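J.: A single structure is presented below for examination.
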Amino acid sequence: MDTRSPAEEKPVQRSKSFSFKTQKEVCTSCEKTVYPMERLVANNQIFHSTCFCCKHCNAKLSLVSFAALQGEFYCKPHFQQLFKSKGNYDEGFGRKQHKEQWTPKDPDNITKTA
């Protein structure tokens, strides 16, 4: 039989290492806090499901209806349209052509091998 009175009982000791605090995640688009129920991850970037939109037309995207190029997200129809308009990924999306890096800057410094 237990001879201790209720006042002598020790309180339950809880672990101090456990915490409900988690690191806040921030939306890549609007830079506001993203809560777990509205969280969407695409290309290792976190978004609100409502902020995940096409860069060209602002249509809401889903994980099966988007295409990504250099950190920008597009709906599939606009991704294809922008590619087809110039025939390459650089010009169609408003960037300098990658092939410009290959051409020599100074034509006088070209060495001829023959």
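Under my numbering, the sequence shown has 8 at position 6, and the numbering climbs by one with no breaks.
Just so it is clear, CB atoms sit at the ideal spot from N, CA and C, and this is done for glycine as well.
None of these values were measured; they are calculated from a predicted model.
(1) For the beta strand (DSSP E) that contains Val1, what are its first and last residues?
(2) Pull up the DSSP beta-bridge partners for Gln47, would you.
(3) Rank His50, Leu71, Asn60, Leu65 by C-alpha distance to the C-alpha of Cys2 and give the top, closest one.
(4) Can you look up Phe85 in the DSSP assignment and give me helix, strand or coil?
(5) So, helix, strand or coil for Lys78, using DSSP?
T.: On the basis of the data shown:
(1) Outside the shown range of the chain (3 to 116) lies residue 1, about which nothing can therefore be said.
(2) For the purposes of this step, residue 47 is taken as residue 45 along the sequence shown, with counting starting at 1. Answer by DSSP bridge pairing, in chain order: Ala44.
(3) Since the first residue shown for the chain is 3 and the last is 116, residue 2 is missing from the structure and cannot be characterised.
(4) Residue mapping note: residue 85 aligns to position 83 of the sequence shown, counting from 1. Looking at Phe85 - three-state DSSP - the assignment turns out to be helix.
(5) Residue mapping note: residue 78 aligns to position 76 of the sequence shown, counting from 1. Three-state DSSP puts Lys78 in a helix.
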